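There are 2 protein chains.
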Amino acid sequence: MSFRDHIVSCNNYDPGRVVPLFAGEDRVGLLRRDNAAALRRFPDVFAVADDRVSLVERGDVAAVSRAVDAVVDALVVEKRIPKSRNETFDVAPRWGAPVLFRLDRGAVPFFGTRAYGVHLNGYLWKAGTLHLWVGRRAPDKRVAPGKLDNLVAGGIGNGHGLEETLLKEGEEEASLAQSLTSHAVPAGAVSYRMENELGIRDDVLFVFDLEIPADFIPKNQDGEIVHFELMPASAVLDRVRTSEDFKFNVNLVILDFALRHGLLRPDHPEYLDVATGLHRPLD
Amino acid sequence: MSFRDHIVSCNNYDPGRVVPLFAGEDRVGLLRRDNAAALRRFPDVFAVADDRVSLVERGDVAAVSRAVDAVVDALVVEKRIPKSRNETFDVAPRWGAPVLFRLDRGAVPFFGTRAYGVHLNGYLWKAGTLHLWVGRRAPDKRVAPGKLDNLVAGGIGNGHGLEETLLKEGEEEASLAQSLTSHAVPAGAVSYRMENELGIRDDVLFVFDLEIPADFIPKNQDGEIVHFELMPASAVLDRVRTSEDFKFNVNLVILDFALRHGLLRPDHPEYLDVATGLHRPLD
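Going line by line, the protein sequences match chains A and B.
The opening residue of the first sequence carries number -2 in our numbering; numbering runs sequentially from there.
The opening residue of the second sequence carries number -2 in our numbering; numbering runs sequentially from there.
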């Protein structure tokens, strides 16, 4: 592995394998061709052409969401979409734009709608050395079981704002008091586009840095993390470079942290690959 | 103006107006079609085809540089290239790759070879508020006369390493002791591709942050900056948003600083435009 390999594998998206999903004039998703073909059975909701799929159903958010949900239920039966998680994500043409419909989280990669998450780097200085808190994901997680993770990370579900998600996940995942998490500094966003076995992940991760008090020990409350470890940041970066121990997208968040804090320096041969590879344009 | 406008104007590159310059198998430059046509007079050095220009001259760095220099001298006479600055930039296929030839700085946009610079954000906390040192460029600068600038900025000339350039420019531009500048933290790189009246700027700016002691007053030594001012960082960011007071590329460096330090927050409607727009991929 190299730093660049992690960036490449999170950006293995191939436009030739995909058709866009349109709602009116706006592209709102990216359907792998096999997934697009599976929507032909639902002409009341989706119009499937060779080069695009269009949302036919019109109406308010609730009406469109109900129609799409019925399609999702049928695709779950066909095992094209994993069983519903009972958590929905907003679908909109752009961050901050009016919501068009809500989609079960499990169906997001099938439709390739953009998903947003928050990732928190929990860091502290110890004996003059920068350290990062690292979590180990539970073995029963659907995505990346047993892999290493940031101190806190979570998707931004429908109805939960970004800061609210960060505060809530901080409590659930690491027992961080909201009064502490509220000091987290927003430090940018990592973006990538990746094909997986279900479809396309078109992801934006809002990145936060939080200095953790020396006497604080994170404790997981929701069963998603089995163990936390405080590691020297340079050792974390080495592990990113030499292994696939971290969840695929967490590698990118750590590379972004390393770049911003001078752990990775300009004389590193991959410096510009990292500096330019973490922020895929949002088209 | 908006934040996005600055990013767009630094990335006004239109591939349709340009042909690549190749050295062997490697693309090393981007020639606007009128500039490419002007090279037809020099078939011993450049082979000009409709869809590409190739460097014909072979030999070691000194030999190729001499041949290209002779062409540059002729183009200076024709006023296609401004008068030589007597400072040369290395030309290579990639950062860190072996140098193919050296090119007068004034000729870099004509050939569209990639140029590298260092920009230093000089910051401090004053009365609990983040401040930035801002310079005013001299009225006789060829590029962006009279515009506002970072505390220190400079191109990486031939034979000077990146850190060496930073230390040297810090002394010349702001009287920063090398012992202070050596604490600057590398924090990534900003990249953009821009057409100007001379040709194409294909630029990479290595970004550094340096905390400046409260009692330090920068003093210019090389005549490139006429005045320094310490401004609240939020006021600097406002000025970026509402004006063209800063040199075109300095707007991007300040946006990058604002993003990394939480001055620009995720609820800002342009947050993701900034997060994804500052790091043009290096192809």
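Note that the Cβ used here is the ideal one computed from N, Cα and C, for glycine as well.
Since the model is a prediction, treat every value here as computed from it, not as a measurement.
Residue nearest to residue i in terms of C-alpha spacing, selected from the options
| i | options | result |
| --- | --- | --- |
| residue 142 of chain B | B/242, B/217 and B/160 | B/242 |
| residue 200 of chain B | B/193, B/223, B/12 and B/112 | B/112 |
| residue 282 of chain B | B/99, B/148 and B/134 | This structure does not reach residue 282 of chain B, given that chain B is present from -2 up to 280, and the question cannot be answered. |
| residue 14 of chain B | B/109, B/93 and B/91 | B/109 |
| residue 87 of chain A | A/58, A/71 and A/215 | A/58 |
| residue 27 of chain B | B/234, B/3, B/48 and B/128 | B/48 |
| residue 234 of chain A | A/247, A/219, A/225 and A/224 | A/247 |
| residue 222 of chain B | B/236, B/139 and B/174 | B/139 |
| residue 150 of chain B | B/12, B/17 and B/164 | B/164 |
| residue 266 of chain A | B/227, B/220, B/217 and B/91 | B/91 |
| residue 38 of chain B | B/16, B/72, B/228 and B/56 | B/72 |
| residue 156 of chain B | B/236, B/180, B/93 and B/225 | B/93 |
| residue 137 of chain A | A/70, A/220, A/22 and A/180 | A/220 |
Span separating the alpha-carbon of residue i from that of residue j
| i | j | result |
| --- | --- | --- |
| residue 64 of chain B | residue 42 of chain B | 7 Å |
| residue 32 of chain A | residue 117 of chain B | 49 Å |
| residue 82 of chain A | residue 101 of chain A | 7 Å |
| residue 170 of chain B | residue 130 of chain A | 40 Å |
| residue 162 of chain B | residue 145 of chain B | 21 Å |
| residue 159 of chain A | residue 119 of chain A | 17 Å |
| residue 186 of chain B | residue 123 of chain B | 27 Å |
| residue 10 of chain B | residue 166 of chain B | 29 Å |
| residue 54 of chain B | residue 252 of chain A | 41 Å |
| residue 103 of chain A | residue 209 of chain A | 33 Å |
| residue 134 of chain A | residue 269 of chain B | 28 Å |
| residue 18 of chain A | residue 12 of chain B | 28 Å |
| residue 191 of chain B | residue 29 of chain B | 11 Å |
| residue 213 of chain B | residue 264 of chain B | 35 Å |
| residue 175 of chain B | residue 80 of chain B | 32 Å |
| residue 236 of chain A | residue 271 of chain B | 30 Å |
| residue 40 of chain B | residue 77 of chain B | 18 Å |
| residue 217 of chain B | residue 232 of chain B | 23 Å |
| residue 56 of chain B | residue 152 of chain B | 26 Å |
| residue 70 of chain B | residue 22 of chain B | 27 Å |
| residue 125 of chain A | residue 180 of chain A | 22 Å |
| residue 228 of chain B | residue 228 of chain A | 37 Å |
Whether residue i touches residue j by CB criterion (8 Å)
| i | j | result |
| --- | --- | --- |
| residue 51 of chain B | residue 44 of chain B | yes |
| residue 281 of chain A | residue 257 of chain A | Residue 281 of chain A lies beyond the stretch modelled for chain A, which goes from -2 to 280, so this question has no answer here. |
| residue 6 of chain B | residue 245 of chain B | yes |
| residue 121 of chain B | residue 211 of chain B | yes |
| residue 84 of chain B | residue 132 of chain B | no |
| residue 254 of chain B | residue 115 of chain B | no |
| residue 273 of chain A | residue 260 of chain B | no |
| residue 62 of chain A | residue 99 of chain A | yes |
Beta-carbon contacts of residue i that lie in its chain and below 7 Å, excluding the five residues immediately before and after
| i | result |
| --- | --- |
| residue 290 of chain B | A question about residue 290 of chain B goes unanswered here, because the residues of chain B that appear run from -2 up to 280. |
| residue 249 of chain A | 3, 4, 7, 187, 189 and 275 |
| residue 226 of chain B | 131 |
| residue 16 of chain A | 28, 30, 33, 48, 49 and 50 |
Neighbour-count burial assignment, residue i, 16 or more Cβ in a 10 Å radius
| i | result |
| --- | --- |
| residue 20 of chain A | buried |
| residue 4 of chain A | buried |
| residue 215 of chain A | buried |
| residue 68 of chain B | buried |
| residue 74 of chain A | exposed |
| residue 35 of chain B | buried |
| residue 46 of chain A | exposed |
| residue 230 of chain B | buried |
Proximal residues to residue i (C-beta, below 8 Å), its chain only, five neighbours per side dropped
| i | result |
| --- | --- |
| residue 238 of chain A | -2, -1 and 0 |
| residue 182 of chain B | 205, 206 and 207 |
| residue 240 of chain A | -2 |
| residue 66 of chain B | 101 |
Spatial neighbours of residue i in its chain, beta-carbon cut-off 6 Å, leaving aside the 5 residues before and after
| i | result |
| --- | --- |
| residue 276 of chain B | 188 |
| residue 96 of chain A | 58, 87 and 89 |
| residue 173 of chain B | 167 |
| residue 224 of chain A | 133 |
Quiz prompt | Where the stretch 73 to 86 of chain B meets chain D: residues whose CB sits under 7 Å from a CB there | solution = Protein chains in the displayed structure are A and B, and chain D is not among them.
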